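For what it's worth, the numbering used here labels the leading residue of the sequence shown as 1345, then goes sequentially. For each residue, glycine too, the CB sits at the ideal point set by N, CA and C. None of these values were measured; they are calculated from a predicted model. Let me begin by presenting the structure, written as structure tokens, before commenting on it.
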Amino acid sequence: MDAIPGGTMQGIVGENREIRHREVVEPGVRPPCGSGTQRRALRPMPPLMYSSPPALTELRSLLPPYEAAELLVDTYFDRVHWFMLIFQQDNFRQNWPHLYRTRLDRASEDCNGLGFLSTFLMVIAIGAHYAGPYRQGLLARHNVQPETLKQSILKAVKSSLLDIISVGSLEVVQTCILLGTYYLFHGSPRLAWPVCGCGLRVAQSLNLHRKVDKDHATLSLTPIERSQNETRKRCWWAIYEIETFCSMSYGYPHSIKDADCDVEPLNPSAKLRNAPSPVSFDEPLRCETTLLSYKYYMSKLSVLTKAVLTELYGIGPGLVNNNGASGESGSSLPAVVMKVASLDARLRNWRADIPPKLRWETLASTRVSYSSQEEFDRDIGASGVRFDSHIYHLQSLALKLAYENAMILTHRPLLSYRLVTKVDEKLDDMSRLETIQENPFLRSMRACHDAGMSLSELVNSPILDLVSETYAAAFVSIHTFTAGVALGILGSVEPLTPQAQEAKVGLHRLMAIQVKLTSRSLLATQGLDILQRLTRLVLDKELSMMLDISKPIRWPERHSGVDADLNAIQTGTLSPKQSSSGQRTRRLAHDAAGSVLQTDRQLSVSVPQDTQEAEARIDMPEPNSVGNISHLQYVEDASVSEALYDFDQVLSSYVNSSWADPDPLATDTSHDRTLHDEGVSMLEQTWIWGPDTLPFHG
1345 MDAIPGGTMQ
1355 GIVGENREIR
1365 HREVVEPGVR
1375 PPCGSGTQRR
1385 ALRPMPPLMY
1395 SSPPALTELR
1405 SLLPPYEAAE
1415 LLVDTYFDRV
1425 HWFMLIFQQD
1435 NFRQNWPHLY
1445 RTRLDRASED
1455 CNGLGFLSTF
1465 LMVIAIGAHY
1475 AGPYRQGLLA
1485 RHNVQPETLK
1495 QSILKAVKSS
1505 LLDIISVGSL
1515 EVVQTCILLG
1525 TYYLFHGSPR
1535 LAWPVCGCGL
1545 RVAQSLNLHR
1555 KVDKDHATLS
1565 LTPIERSQNE
1575 TRKRCWWAIY
1585 EIETFCSMSY
1595 GYPHSIKDAD
1605 CDVEPLNPSA
1615 KLRNAPSPVS
1625 FDEPLRCETT
1635 LLSYKYYMSK
1645 LSVLTKAVLT
1655 ELYGIGPGLV
1665 NNNGASGESG
1675 SSLPAVVMKV
1685 ASLDARLRNW
1695 RADIPPKLRW
1705 ETLASTRVSY
1715 SSQEEFDRDI
1725 GASGVRFDSH
1735 IYHLQSLALK
1745 LAYENAMILT
1755 HRPLLSYRLV
1765 TKVDEKLDDM
1775 SRLETIQENP
1785 FLRSMRACHD
1795 AGMSLSELVN
1805 SPILDLVSET
1815 YAAAFVSIHT
1825 FTAGVALGIL
1835 GSVEPLTPQA
1845 QEAKVGLHRL
1855 MAIQVKLTSR
1865 SLLATQGLDI
1875 LQRLTRLVLD
1885 KELSMMLDIS
1895 KPIRWPERHS
1905 GVDADLNAIQ
1915 TGTLSPKQSS
1925 SGQRTRRLAH
1935 DAAGSVLQTD
1945 RQLSVSVPQD
1955 TQEAEARIDM
1965 PEPNSVGNIS
1975 HLQYVEDASV
1985 SEALYDFDQV
1995 LSSYVNSSWA
2005 DPDPLATDTS
2015 HDRTLHDEGV
2025 SMLEQTWIWG
2035 PDTLPFHG
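Listed below in structure tokens is the structure:
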């Protein structure tokens, strides 16, 4: 089917033109309209027959002057398209002008269906959000106020959403993606989730999760058919990424079952004639890096992240046992250790596959394409080598953020446990060395620490001054917020240690990143507030330890891989405090004594070695790779549980302040509702730090 009603392929163009300004439509040429689907799929309804006339009339009334619309379309493709990539840009640019044809032109009226109209309006609404001062001045010449236009479109599309969904076309999926991600990246995840869910259901009804034709190879398709197939795949993988992102960021359930999907990955060389499409993510990608390669690697990472959510957190459509863990052995801590090691290795291998053009380590020290936001704002309809370089820089940053966040998500479950020895057992130097090397909990703590510190180093990159002007601003904010929380908690677990001092430096840098994003991202403003509160908590705990001269400062033996405080844990003297939060109640950590594993248990784990060489491949842990550490026991880490409890209090204070009415005499309560929604969304964003989110591992 065509990506856009009326879409046609005017020949194969160079792959890097996908993100750049497109040629003007030839006057008088009207490509065929309509959106067909594969067999067994729900056929979209004819737009004019089933579209609600009032909805069409209302949405058409919102169309701005043609010149203003052209500028907003350019802004969308300059600022947003590189991150979303749900369109064949050629088709979109060729077809949106048909919306401005006279109604007497019955030939073009079919292109004015509700599906495409709503998609176009969402494109210009998002473009209006990212129009800088220079472009706002140009829009003012046409009596267009970007914020007013954006709010009018969002309100109208939201109120007409059921009419739009009833059309059941590919454009409806695109509309849901655009509306849902706008809500998602601008502080309203509870609105984003159902909207994107509607897009998922329509996508499944169109069989976007299936191959178009299993009986024919991709190369046997005509150029137009290949273009249509790639657009279908773009929409499906966009939906898949949104589902995964919402699950990862807010703990929402994942609704896609991978076993039901056989759609191929995106083809980075789809614009090249006779370029084969990758059959699956299991085979290596052997094509030249293009601006479309980013979406291939992000989709592959989303599949890995979904595996983390399913196998470690029990979030997904798969079977879940009574304890909330996925799979038969989900409640076994040794099994979880094995899963963490395996997923860690898969993530590191994914990073090793990233080509140099998209590898942050390669581009971090390169010069940015634009020296300022103003220069970027004036480059309308950007194209050429300069713009391509800018997009590669942004895409490498997004991949870096997503990878480090996935590492924190993977290792978070093991932070709640620690390694201990029997009280009456003495270890020789060799045994102690083996303990350090085989300690998976220590490795997970280091992995989270390293991921947070790595993201904190982004503060010195000039690209951050430009990313705030793009759709990825909230994406950066959410991931750096997660890293900040990780460093804050790790820094408060053991104050005054060298690791804690380093974590504070990293936390300071991450707050500086949030500051750079506050002009465009509401989530950055919220995240900065919570990170500042968390920093005060870290410093208060450090100050208390400094002033308590009655107790000598003794660093826990966690840094040597062994904790000899088993007696204290068994007697419950290190149990965390009970939560009394009124706004939020998390189930506290399980009783420490009940989580002590049997001393005769052998844990077999092969932990991947950390390496800075991106090209190094890491083998998966073998089930029979024995590391005999039967002299060790595993208990819940009470100090981490206490740190999580303290962080709970930080969140409670934030939510309480969000509910406060700044002006009790004010008659406009919209501000209060906004604060309430913001507080709830930020609370949900910290879900992985709640002890109740982890399955019981006993």
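Endpoints, the alpha helix (DSSP H) within which residue i is located
i               : result
glutamine 1858  : 1842-1861
glycine 1658    : Note, glycine 1658: premise wrong, no alpha helix (DSSP H); not H, not E.
threonine 1401  : 1397-1404
serine 1676     : From DSSP, serine 1676 is part of no alpha helix (DSSP H); its letter is neither H nor E.
tryptophan 2031 : That residue, tryptophan 2031, is in no alpha helix (DSSP H); it is neither H nor E in DSSP.
valine 1829     : 1817-1837
threonine 1525  : 1514-1529
leucine 1808    : 1808-1811
glycine 1541    : 1533-1549
histidine 1793  : 1784-1800
leucine 1707    : 1704-1707
Of the listed residues the options, nearest to residue i (C-alpha basis)
i               : options                            : result
serine 1727     : Arg1479, Glu1801, Arg1864, Leu1635 : Leu1635
methionine 1751 : Leu1656, Ile1807, Lys1701          : Leu1656
histidine 1530  : Ser1571, Tyr1815, Ala1475          : Tyr1815
proline 2048    : Val1511, Glu1569, Val1837          : Any property of residue 2048 remains undetermined from this structure, which presents the chain solely from 1345 to 2042.
cysteine 1579   : Ser1513, Tyr1596, Ser1613          : Ser1513
serine 1599     : Ala1547, Leu1565, Arg1630, Pro1609 : Ala1547
glutamine 1410  : Leu1465, Asn1804, Ser1760          : Sequence inspection shows tyrosine at residue 1410; the glutamine mentioned does not correspond to that position. Checking every option, the nearest Cα to that of tyrosine 1410 belongs to Leu1465.
alanine 1469    : His1793, Ala1413, Pro1477          : Ala1413
cysteine 1540   : Thr1588, Arg1630, Glu1627          : Thr1588
proline 1567    : Tyr1761, Leu1799, Gln1432          : Gln1432
arginine 1864   : Met1855, Val1811, Ala1685, Thr1710 : Val1811
Local Cβ density within 10 Å of residue i, reported as buried at 16 or more and exposed below that
i               : result
tryptophan 2033 : buried
arginine 1383   : Residue placement at arginine 1383 cannot be trusted, given a pLDDT of 39 that sits under 50; what the coordinates show is reported in the next sentence. Burial call: exposed.
methionine 1428 : buried
threonine 1381  : The predicted position of threonine 1381 is uncertain, since its pLDDT is 38 and thus under 50; a value taken from the coordinates is nonetheless stated next. Result: buried.
serine 1621     : buried
leucine 2027    : buried
lysine 1895     : exposed
tyrosine 1527   : buried
alanine 1484    : exposed
alanine 1817    : buried
serine 1715     : exposed
proline 1612    : buried
threonine 2030  : buried
alanine 1603    : exposed
For residue i, three-class secondary structure by DSSP
i                  : result
glycine 1471       : helix
glutamine 1489     : coil
leucine 1887       : helix
arginine 1722      : helix
valine 1764        : strand
tyrosine 1594      : helix
tyrosine 1989      : helix
glutamate 1980     : strand
serine 1733        : helix
phenylalanine 1421 : helix
isoleucine 1430    : coil
aspartate 1602     : helix
isoleucine 1698    : coil
lysine 1895        : coil
aspartate 2005     : Because aspartate 2005 carries a pLDDT of 44, less than 50, the predicted location of this residue cannot be relied on, and no value is offered for it.
aspartate 1626     : coil
histidine 1442     : helix
tyrosine 1478      : helix
cysteine 1579      : helix
serine 1503        : helix
glycine 1457       : coil
proline 2048       : Outside the displayed range of the chain (1345 to 2042) lies residue 2048, so it cannot be described from this structure.
arginine 1711      : coil
Cβ-Cβ separation, residue j to residue i (assumed contact under 8 Å), whole Å
i                  : j               : result
leucine 1443       : leucine 1407    : 6 Å
phenylalanine 1785 : leucine 1758    : 5 Å
alanine 1536       : cysteine 1590   : 7 Å
glycine 1835       : leucine 1851    : 7 Å
alanine 1582       : isoleucine 1521 : 5 Å
Within-8 Å CB hit, residue i to chain B
i            : result
leucine 1629 : As a matter of chain content, chain B is missing from the structure shown, which is built from one protein chain.
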